[in-house]
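>
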C-alpha cells in the first residue's frame, strides 16, 4: 500500500512539473515592427511578468541604462513603455527586467528617412513563413516596386513591395533591408530564426498516458507478488506428512505337500522424495518351508492374503 501511494505521489509531481507552462519574457512593439519613423509614437510592452503587484519594480533599459521613467519623452503604464515622439537618437536595444527575470532585447530603429522595412519583432521558428514588406512614408500605394537585400546582397525584387520566405531555416538568418527607386533605402534589421525544439512538440498527454500505464502495471505486479507470497506461506503452513509405507501381501496357502507362492506388494518411500513407489516382492515356499518375515516396523501396516496354488506333477 505504501509503495502504491509513493508511486502515485511521484507521478503527480512529475506531471505537474511537465505541464507547468513556461512563460517567456519578451518585448512586444506597437506598431509590430522593428523600424519606426521619427516622431511616430511607439509602445514597448513587456510580457511574461504577470502577477506584479508593484509596477515600479519593473525597469526598462536601453543600452544598459534605465529609461522610460516618466520623463517627457516616455511614460510607464503598468508594463508598457510609451514613447510619444521618438527621435533617431532613441534607437537602440531595449529590454525589461523585474523580479530577477530579464527579457530578451529588441533592437528598435528610429529612422529619419522615408523608407522602412517591416519585419518580425520576435525570432521566428524554423519551418514557418515570414513576410517582409517595404514601406514608403510618403505613399500608401500597393504597387510599390522594391528590391530586397540580405547581408548586402540582392535576393529578390517585388512589384508589390512584399516578399514571403517560405519554410525559413537557420540559413535565412541575417540582416535585411529594402530599397525603393526614387524613395530611398531602409535601415538594416536582423531576422532571427529559432531552431525547432523537438521536445516541445511532445504533448504532455503522451506522458500522462504512458506513465498511467506504467503505474497501473507496477501496482498490478506489486499486488500479484504480495498475493503469491501469501498463498505460498499458507501452503507451507498447512502441509502434513505423507502416510506410512503400505504393504500388501498376497499369498496362496496349500495343503501339505504342495508348493506355496506369495506375492507381496509394498510401497517404498524413495529417499529424499515425498512420493511412494510400489515394489512387488515374490516368495515361493516349498513343502515344510515357512516364510521368513522381515522384521516388523512399528509404524508400518502389513496386510496378507494367502490362497493355495496347485502344482501339476
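Residue numbers (this note's numbering): 1 to 313.
Note that CB positions come from ideal geometry on N, CA and C, so glycine has one too.
#1: Specify the secondary structure class of residue 96 as computed by DSSP and reduced to three states.
#2: Apart from the five residues just before and just after residue 110, which ones in its own chain have a Cβ nearer than 6 angstroms to its Cβ?
#3: Compare the beta carbon distance of residue 178 and residue 151 with 9 angstroms and say whether it is the shorter of the two.
#4: My output table needs one value for residue 216: the three-state DSSP class, helix, strand or coil.
#5: In terms of residues, what are the limits of the beta strand (DSSP E) holding residue 353?
#6: Decide yes or no for the touch test of the region 126-139 against the region 156-175: beta carbon pairs closer than 8 angstroms, at least 3 of them.
#7: In whole angstroms, give me the CA-to-CA distance for residue 195 and residue 224.
#8: Return the chain-ordered list of same chain residues with a C-beta closer than 6 angstroms to the C-beta of residue 188, the five sequence neighbours on each side being excluded.
#9: Would you kindly work out how many angstroms separate the C-alpha atoms of residue 137 and residue 210, rounded to a whole number?
#10: Which of helix, strand or coil does DSSP assign to residue 121?
#11: How is residue 165 classed by DSSP in three states: helix, strand or coil?
#12: Could you give the C-beta distance for residue 181 and residue 145, rounded to a whole number, given that I count them as a contact under 8 angstroms?
#13: Assign residue 153 to buried or exposed, taking buried as 16 or more other Cβ atoms, counted over all protein chains shown, within 10 Å of its Cβ.
#14: If you check the beta carbons only, do residue 68 and residue 44 fall under 9 angstroms apart?
#15: Under 9 angstroms between the Cβ atoms of residue 115 and residue 29?
#16: Give the straight-line distance between the Cα atoms of residue 117 and residue 41, rounded to the nearest whole angstrom.
#17: What is the DSSP secondary structure of residue 244, reduced to helix, strand or coil?
#18: State buried or exposed for residue 62, treating a residue as buried only when at least 16 other CB atoms are found within 10 Å of its CB.
#19: Based on DSSP bridge pairs, tell me the residues matched to residue 87.
#20: Could you tell me the alpha carbon to alpha carbon distance between residue 214 and residue 221, rounded to whole angstroms?
#21: Considering only the beta carbon of each residue, do residue 172 and residue 130 sit closer than 9 angstroms?
#22: Between which residues of its own chain and residue 26 is the CB-CB distance below 7 angstroms, once the five residues before and five after are set aside?
#23: Work out the CA separation of residue 133 and residue 162 for me, nearest whole Å.
#24: From this set, 58, 135, 80, 66, which residue's C-alpha is nearest residue 98's C-alpha?
#25: By DSSP, does residue 170 sit in helix, in strand, or in coil?
#26: Rounded to whole angstroms, what is the Cα-Cα separation between residue 71 and residue 107?
#27: Taking just the CA atoms, how far does residue 139 sit from residue 155?
#28: Please state if the CB of residue 113 and the CB of residue 185 are separated by a distance shorter than 9 angstroms.
#29: In this structure, does DSSP put residue 159 in helix, strand or coil?
#30: Under a three-way DSSP split, which group does residue 227 fall into?
#31: For residue 277, which three-state DSSP category applies?
#32: Measure the C-alpha to C-alpha separation of residue 157 and residue 183 and round it to an integer number of angstroms.
#33: What residue does the beta strand (DSSP E) around residue 146 start on, and which one ends it?
For this structure:
#1: As a first step, residue 96 must be located in the chain shown, where it is residue number 96. When DSSP states are grouped into helix, strand and coil, residue 96 belongs to the strand group.
#2: As a working note, residue 110 is residue 110 in the chain shown. Hits under 6 angstroms: 36, 38, 86, 88, 90, 91.
#3: If you number the chain shown from 1, residue 178 lands on position 178. If you number the chain shown from 1, residue 151 lands on position 151. It is not a contact, given that the beta carbons lie outside the stated cut-off.
#4: By 1-based counting over the chain shown, the position of residue 216 is 216. Residue state, collapsed to three classes: helix.
#5: Residue 353 cannot be examined here, being either before or after the span of the chain that is shown, 1 to 313.
#6: Short answer: they touch.
#7: Looking up residue 195 in the chain shown gives position 195. Looking up residue 224 in the chain shown gives position 224. Between the alpha carbons of residue 195 and residue 224 lies a gap of roughly 47 angstroms.
#8: Working through the chain shown from its first residue, we reach residue 188 at position 188. Counting only Cβ-Cβ distances below 6 angstroms, and skipping sequence neighbours, we find 175, 177.
#9: One-based indexing of the chain shown puts residue 137 at position 137. One-based indexing of the chain shown puts residue 210 at position 210. When rounded, the distance between both Cα atoms is 57 angstroms.
#10: Sequence index remark: in the chain shown, residue 121 carries index 121 (1-based). Here DSSP, grouped into helix, strand and coil, assigns residue 121 to coil.
#11: Residue 165 sits at position 165 when you count from the first residue of the chain shown. If DSSP states are grouped into helix, strand and coil, residue 165 belongs with the strands.
#12: The count along the chain shown starts at 1 and reaches residue 181 at position 181. The count along the chain shown starts at 1 and reaches residue 145 at position 145. Sure, about 6 angstroms apart at Cβ, within 8 angstroms.
#13: Within the chain shown, residue 153 is the residue found at index 153, counting from 1. Exposed, since its Cβ has fewer than 16 Cβ neighbours within 10 Å.
#14: Sequence index remark: in the chain shown, residue 68 carries index 68 (1-based). Sequence index remark: in the chain shown, residue 44 carries index 44 (1-based). For the 9 angstroms CB-CB criterion, residue 68 and residue 44 form a contact.
#15: Indexing the chain shown from 1 puts residue 115 at position 115. Indexing the chain shown from 1 puts residue 29 at position 29. Between residue 115 and residue 29, the CB-CB gap reaches or exceeds 9 angstroms.
#16: Here residue 117 refers to the residue found at position 117 when the chain shown is read from its first residue. Here residue 41 refers to the residue found at position 41 when the chain shown is read from its first residue. If you take the alpha carbons of residue 117 and residue 41, they lie about 17 angstroms apart.
#17: Here residue 244 corresponds to residue number 244 of the chain shown, with the count starting at 1. Annotation note: pLDDT 48 at residue 244 (below 50); position unreliable, coordinate value reported separately. Note: residue 244 maps to coil in three-state DSSP.
#18: Taking the chain shown and counting its residues from 1, the one referred to as residue 62 is at position 62. A residue is called buried when at least 16 other Cβ atoms come within 10 angstroms of its Cβ; residue 62 meets this threshold and is buried.
#19: Within the chain shown, residue 87 is the residue found at index 87, counting from 1. According to the DSSP secondary-structure assignment, residue 87 is paired through a beta bridge with no residue.
#20: As a working note, residue 214 is residue 214 in the chain shown. As a working note, residue 221 is residue 221 in the chain shown. Straight through space, the alpha carbons of residue 221 and residue 214 are spaced by roughly 10 angstroms.
#21: Locating residue 172 in the chain shown gives position 172, counting from the first residue. Locating residue 130 in the chain shown gives position 130, counting from the first residue. It is a contact, given that the beta carbons lie within the stated cut-off.
#22: Here residue 26 refers to the residue found at position 26 of the chain shown. 47, 48, 103, 104, 122.
#23: Reading the chain shown from its first residue, position 162 is the one you call residue 162. Reading the chain shown from its first residue, position 133 is the one you call residue 133. About 4 angstroms.
#24: Locating residue 98 in the chain shown gives position 98, where the first residue counts as 1. Checking every option, the nearest Cα to that of residue 98 belongs to 58.
#25: Here residue 170 corresponds to residue number 170 of the chain shown, with the count starting at 1. Here residue 170 sits in helix by DSSP.
#26: Within the chain shown, the letter at position 71 stands for residue 71. Within the chain shown, the letter at position 107 stands for residue 107. Confidence in residue 71 is poor, its pLDDT being 46 and thus under 50, which makes the residue's placement unreliable; the coordinate value appears in the next sentence. About 21 angstroms.
#27: The residue labelled residue 155 in the question sits at position 155 within the chain shown. The residue labelled residue 139 in the question sits at position 139 within the chain shown. When rounded, the distance between both Cα atoms is 24 angstroms.
#28: Indexing the chain shown from 1 puts residue 185 at position 185. Indexing the chain shown from 1 puts residue 113 at position 113. Yes. Within cutoff.
#29: Reading the chain shown from its first residue, position 159 is the one you call residue 159. Here residue 159 carries a coil assignment [DSSP, helix/strand/coil].
#30: Residue 227 sits at position 227 when you count from the first residue of the chain shown. The answer is helix: DSSP assigns residue 227 an H, G or I state.
#31: The residue you call residue 277 lines up with position 277 of the chain shown. For residue 277, the predicted structure reports a pLDDT of 49, less than 50, and the residue's modelled location is therefore unreliable. A value from the coordinates is still provided. DSSP places residue 277 within a strand segment (E or B) once states are collapsed to three.
#32: Here the question's residue 157 lines up with position 157 in the chain shown. Here the question's residue 183 lines up with position 183 in the chain shown. Their backbone Cα atoms lie some 15 angstroms apart in a straight line.
#33: Your numbering for residue 146 matches position 146 in the chain shown. From DSSP, the beta strand (DSSP E) with residue 146 extends over 146-150.
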